[in-house]
Structure formats: C-alpha cells, structure tokens
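Asks:
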Amino acid sequence: MALNIKPLSDRVLIEPAAAETKTASGIYIPETAKEKPQRGKVVAVGKGTKDHEMTVNVGDMVLYGKFAGTELKLEGTDYLIMREDDILAIV
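Convert by adding 2 to the 1-based position in the sequence shown; the result is the number in our numbering.
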C-alpha cells in the first residue's frame, strides 16, 4: 500500500521497528518497562536541499536518537518524520 505523503526538503519518514518483548537471555519485558525503539525502516525520503544531497534511500534500516523526530499516525500505523541529520547510522 502506497502512502500519500512526501517529506519536504531533507526530511525522512520512518516506520519504527517493534519494541523488543524479550531480552537475549529470555526474560520477557512488561509493557510498562519497554523503551522507545531507536531503529526503523525508511518509508519515504525528501529531495534534499541545494546544499545537501540525501544519503538514505527508501527501504534502508536506520538508527536514530531516542527523542528524534515528530511522531505521526497515518492510516493506523505509527511513523516518525525527522531531518536526515537526526539519523545516526544506516544498518
């Protein structure tokens, strides 16, 4: 299903990955103790600016700061929209 949203300038639309429900050692994490995910999949990318070309592409998995971006809810799905500078790494 295609989204009818196109980020402007150097902004990126990201679908956050699901929060971990179990630790590596097998302990289940309760809902109240889950942290915000810091990883997600790029869904849409703006054109960039005249001084800055975009380095991320649609489909890339990225890491971003814990409090980066603005939360959106489109068609029942949660997304984050942020500047490309807020992305820390491509995984």
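Just so you know, even glycine gets a beta-carbon here, dropped at the ideal spot from N, CA and C. Model, not experiment: these values are computed from the prediction.
Suppose contacts are defined by Cβ-Cβ distances below 8 Å. Is K24 in contact with Y30 by that definition?
Replies: Contact flag set, yes.
Asks: What residues are listed by DSSP as bridge partners for L65?
Replies: R41 and A91
Asks: Which runs of the alpha helix (DSSP H) at least 4 residues long sit entirely within the stretch 7-32? Give them in chain order.
Replies: none
Asks: In the DSSP assignment, what are the bridge partners of E73?
Replies: L82
Asks: Whole angstroms are fine: how far does the CA of D12 sit from the CA of H54?
Replies: 8 Å
Asks: On the DSSP bridge assignment, give the partners of A46 in chain order.
Replies: According to DSSP, which records beta bridges pairwise, A46 is partnered with L15.
Asks: Which same chain residues, not among the five before or five after L76, have their C-beta less than 7 Å away from its C-beta?
Replies: Listed in chain order, the non-local C-beta contacts of L76 below 7 Å within the same chain comprise L5 and I7, local neighbours out to five positions each way being set aside.
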